[in-house]
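Taking it in order: structure first as structure tokens, then the write-up.
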Amino acid sequence: ETGVTQSPTHLIKTRGQQVTLRCSSQSGHNTVSWYQQALGQGPQFIFQYYREEENGRGNFPPRFSGLQFPNYSSELNVNALELDDSALYLCASSLLQRGEQYFGPGTRLTVT
Amino acid sequence: GESVGLHLPTLSVQEGDNSIINCAYSNSASDYFIWYKQESGKGPQFIIDIRSNMDKRQGQRVTVLLNKTVKHLSLQIAATQPGDSAVYFCAEDPGNAGNMLTFGGGTRLMVKP
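Just so you know, the sequences run in chain order A and B. Residue numbering for the first sequence follows the working numbering, beginning at 1 and increasing consecutively. Residue numbering for the second sequence follows the working numbering, beginning at 1 and increasing consecutively.
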């Protein structure tokens, strides 16, 4: 196990709703990245937080937002859910921005 | 558990044989590459990495080869075991702030006992 935990494990939401996913990074890791993994595909980078600031963003619309807290845990918020948002959401933490990343088990989001 | 890679390319090997998984990457500016293993119900697990100033790196039972000329990466697994069955992804770091990885599509490795 990597020490990265995510909650909840599974979640079902209705189109148009909002969702918050949570991640606790490995102890001492100050960088958290979020990825979206659609079924049958590789993970896609959403954004990264470093010391509570968004440090970089992939090709995702503004309705995907996040937070990082002083203890380096993180949230991913998605507003106005669409059916295509159904995916496994992964967070990964690292000690340095270019250090080895440790992934959590993911949250499976289903939008109906 | 989670189903990962329902429609991915599949490599089927006999237990004890060597496996070679290939990956083409897209960004010639990428300077760091990683191989991940993902089992059902789990997040990707780091296997081995390589920086662009190297063309080969070896770990325990695994070797990564990098050919920058043709933007190709391969993962070799020696003496493949049933526990190696999983989906394997290569990932590239475009070299900006770091750890904002671009993943390939993945290959499912199936090991026959």
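A virtual CB, placed ideally from N, CA and C, is assigned to each residue, including glycine.
In this structure, the alpha-carbon of V4/A lies about 10 Å from that of G43/B. Within chain A, no residue has its beta carbon less than 8 Å from that of F33/B; the closest one is some 13 Å off.
Contacts between E100/A and chain B, judged by CB atoms closer than 7 Å, involve F46 in chain order. Per DSSP, N67/B is one residue of the beta strand (DSSP E) stretching across V62 to N67. Along the region 31-60 of chain A, the positions whose C-beta sits under 9 Å from a C-beta of chain B are T31, S33, Y35, Q37, L39, G40, Q41, G42, P43, Q44, F45, F47, Q48, Y50, N55, G56, R57 and G58, read in chain order. For the set N53/B, G41/B and A86/B, the Cα lying nearest the Cα of T10/B is the one of A86/B. Chain B places a beta carbon closer than 7 Å to that of L90/A, counting this residue as a contact.
Note on geometry: alpha-carbon atoms of P62/A and I21/B lie some 36 Å from one another.
The beta carbon of G59/B sits no closer than 7 Å to any beta carbon of chain A. Contact of F64/A with chain B is not assigned, every C-beta pair being separated by 7 Å or more.
Per the coordinates, the alpha-carbon of E39/B lies some 20 Å from the alpha-carbon of T110/A.
In the structure shown, the three-state DSSP call for D84/B is helix. If you check each beta-carbon in the region 89-101 of chain B against every beta-carbon of chain A, the ones closer than 8 Å belong to F89, A91, D93, N96, A97, G98, N99, M100 and L101. When the beta-carbon positions are compared, L8/B and G98/B stay at least 7 Å from each other. Beyond the five residues adjoining it in sequence on each side, A38/A comes within less than 7 Å, by CB distance, of A87 in the same chain, given in chain order. Residues G5, L8, T10 and V87 of the same chain have their beta carbon placed closer than 6 Å to that of R108/B, with the five preceding and five following residues left out of the count. For F103/A, the closest Cβ of chain B is nearer than 7 Å. By a beta-carbon distance limit of 8 Å, L90/A contacts G106/A. Their separation comes to about 5 Å.
Going by beta carbons, I46/A and F69/A fall outside the 7 Å limit.
When the beta-carbon positions are compared, L21/A and L76/A come within less than 7 Å of each other. Counting the other CB atoms within 10 Å of its CB gives V78/A a total of 16 or more, which places it among the buried residues.
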